[in-house]
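Everything in the sequence shown is counted per our numbering, starting at 90 for the first residue and increasing by one.
Ideal placement from N, C-alpha and C gives every residue a C-beta, glycine not left out.
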Amino acid sequence: MSLFGEEYTADPHPALAELREAGPVHRVTSAAGVPFWMVTRWDEARQVLTDPSLSKRQPVDQLPASLRPALATQMLLRDPPDHTRLRRLVSAAFTPRRTRELTPAIERITDRLLDELGAAPEPDLIAGFAVPLPFEVICELLGVPPRERAPLRAWSDTIIVGGPAPADMVAAMSGMVTYFGDLLARKRADPEDDLLGALLTMADEGDRLSGDELVGMALLLLIAGHETTANLIGNAVHLLCRMPARPDRPTAAVVEEVLRMASPAATSTYRVTTRPLTLGTVTIPAGEQVLVSLLAANRDPERFTDPDTFDPDRGDGGHLAFGHGIHFCLGAPLARLEAGIALDRLFARHPDLEAAVPPEDLRWRSGLLMHGLAALPVRLGRPP
Ligand code: HEM
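Below, the structure written as structure tokens:
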């Protein structure tokens, strides 16, 4: 089965199971003709995500010159020692406390979106809830003023959904780079107690975070935290709606099981070999691109008992939905907090919520990198 057709997009698991059974790693050619290696088993996935000989550097020379400095400095595309420095700095500002303190804002945004959602007869849970919630939350975290969010949202959507032409993507990126450069300048002049404010203070204490790195970090947080969390919320509602006896209140264990069963970041784990790498019986030469399929690794029967069964009480932990090793998702606590609040409040308000279309008619976002629904029409049912 192909990894690029509509069939794969609608249900990637049969193709991934076939590959995983055949071996831990496979040479694949993308639809655009680019060859890469895809890792499908849990052991080898962990090996790749922790092996320091694999690099995250991606060539940025195809990008317009104005975008290169901010994009090339993002820590998701850097190796130690640069990555170590950037990660240490942002971790000092993006603390567990800062995440916890977002709770009232998340609750407020969730309730507002639920009020708006209730006005439509068969609302789309993705466009009306799963996508705007993480966007608004990241804006709160970064300190983007509410009246400035609309264009940012439009650029972000273009980057997530893809505009009609590649030029739209570049325009959206450029818009964001210019916007965050300007916002940072304003915050430098008039410091505020938000994440960008905290990062600016650090940058100003020495030359540890450059201006480009700050813009790159803002962009990375916005993009990395938006579509992934939207997919988590959407995939969770989808899976819960299909359950014959769904739990009354989705627990933290339910969120973890959704992360394992329907890993939102699917295959977004780019690496490149810098020397030959042996995985099982296969040796990948130096200079080759490697992608770990988190979706496949998280259903590896060698690691998880009955991997295709949704069982929040399985207790065997260890899913790789947030990656592993030095690039382990920085926003995992925030994503878990958001999904917990979103699902709890959604099902408390609409205990009879159900999907308005059968699973086979759902539209998924195309592409190998992410796993999420393009739309999820629902019937909210009577309030309790
Ligand atoms: C990294 C998944 C939410 C910020 C990663 C990686 C994965 C991931 C798999 C590692 C990629 C790799 O190793 O190549 C997810 C999922 C999320 C989510 C599934 C939601 C369900 C968030 C949020 C934020 C965030 C809410 C920020 C507000 C980041 C950052 C990195 C990252 C900054 C790069 C870390 C580094 O390079 O050291 N994420 N993410 N993510 N994520 Fe998330």
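Per-residue DSSP class, three states only, for residue i
{"i": "V137", "result": "helix"}
{"i": "R167", "result": "coil"}
{"i": "T184", "result": "coil"}
{"i": "R124", "result": "For the record, residue 124 in the displayed sequence is Pro; it is not Arg. Three-state DSSP puts P124 in a strand."}
{"i": "S263", "result": "helix"}
{"i": "E535", "result": "Here the chain has residues from 90 to 473 only, and residue 535 is not among them."}
{"i": "R468", "result": "strand"}
{"i": "A463", "result": "coil"}
{"i": "A444", "result": "strand"}
{"i": "S144", "result": "strand"}
{"i": "D283", "result": "coil"}
{"i": "D213", "result": "strand"}
{"i": "G94", "result": "coil"}
{"i": "H315", "result": "helix"}
{"i": "R242", "result": "helix"}
{"i": "R388", "result": "coil"}
{"i": "E345", "result": "helix"}
{"i": "R335", "result": "coil"}
{"i": "T394", "result": "coil"}
{"i": "P221", "result": "helix"}
{"i": "L419", "result": "coil"}
{"i": "F399", "result": "coil"}
{"i": "P235", "result": "helix"}
{"i": "G270", "result": "helix"}
{"i": "D257", "result": "helix"}
{"i": "T356", "result": "coil"}
{"i": "V149", "result": "coil"}
{"i": "V439", "result": "Checking the displayed sequence, the identity of residue 439 turns out to be His instead of Val. H439: coil per DSSP, three-state reduction."}
{"i": "G207", "result": "coil"}
{"i": "E229", "result": "helix"}
{"i": "D301", "result": "helix"}
{"i": "H408", "result": "coil"}
{"i": "A424", "result": "helix"}
{"i": "E196", "result": "helix"}
{"i": "L156", "result": "coil"}
{"i": "L288", "result": "helix"}
{"i": "H413", "result": "coil"}
{"i": "T340", "result": "coil"}
Neighbour-count burial assignment, residue i, 16 or more Cβ in a 10 Å radius
{"i": "G407", "result": "exposed"}
{"i": "F218", "result": "buried"}
{"i": "M332", "result": "exposed"}
{"i": "P447", "result": "exposed"}
{"i": "M287", "result": "In the sequence on display, residue 287 carries Ala and not Met. It counts as buried."}
{"i": "R388", "result": "buried"}
{"i": "G412", "result": "buried"}
{"i": "V123", "result": "exposed"}
{"i": "L310", "result": "buried"}
{"i": "Q136", "result": "buried"}
{"i": "D395", "result": "exposed"}
{"i": "R360", "result": "buried"}
{"i": "E449", "result": "exposed"}
{"i": "E96", "result": "exposed"}
{"i": "D282", "result": "exposed"}
{"i": "T139", "result": "exposed"}
{"i": "Q151", "result": "exposed"}
{"i": "S357", "result": "buried"}
{"i": "L458", "result": "exposed"}
{"i": "F269", "result": "buried"}
{"i": "R109", "result": "buried"}
{"i": "A355", "result": "buried"}
Per DSSP, cross-strand counterpart(s) of residue i
{"i": "I373", "result": "L366"}
{"i": "Q378", "result": "V361"}
{"i": "V114", "result": "V128"}
{"i": "W453", "result": "L462"}
CB contact below 8 Å: residue i versus chain D
{"i": "L311", "result": "You won't find chain D in this structure, because it holds only one protein chain."}
Cβ-heavy atom distance, residue i to the ligand GDP, below 7 Å
{"i": "R146", "result": "Here the bound small molecules are the ligand HEM; the ligand GDP is not part of this structure."}
Tell me whether the stretch 421-433 and the stretch 155-173 touch, counting them as touching only if at least three CB pairs, one residue from each stretch, are closer than 8 Å. no
At a cut of 8 Å, does the stretch 198-218 reach the stretch 283-291 through at least three beta carbon pairs? no
Across the stretch 100-116 and the stretch 315-330, are there enough close Cβ pairs to call them in contact, namely three or more that are closer than 8 Å? no
Three CB pairs or more closer than 8 Å across the stretch 311-319 and the stretch 221-228: yes
Determine contact between the stretch 339-348 and the stretch 395-413, defined as no fewer than three beta-carbon pairs at a distance below 8 Å. yes
For the stretch 348-356 against the stretch 236-255, are there 3 or more C-beta pairs whose distance is under 8 Å? As far as the Cβ criterion goes, the stretch 348-356 does not touch the stretch 236-255, which means the pair count is below three.
Measuring CB atoms only, is the stretch 375-384 touching the stretch 128-141, in the sense that at least three cross pairs come out at less than 8 Å? yes
Is there contact between the stretch 424-433 and the stretch 187-203, where contact requires at least three CB pairs shorter than 8 Å? yes
Inter-stretch contact at 8 Å, needing at least 3 Cβ pairs: the stretch 254-263 / the stretch 272-283: no
Stretch-stretch touch, CB-based, cutoff 8 Å, three pairs: the stretch 154-162 with the stretch 299-309: Yes, the stretch 154-162 is in contact with the stretch 299-309.
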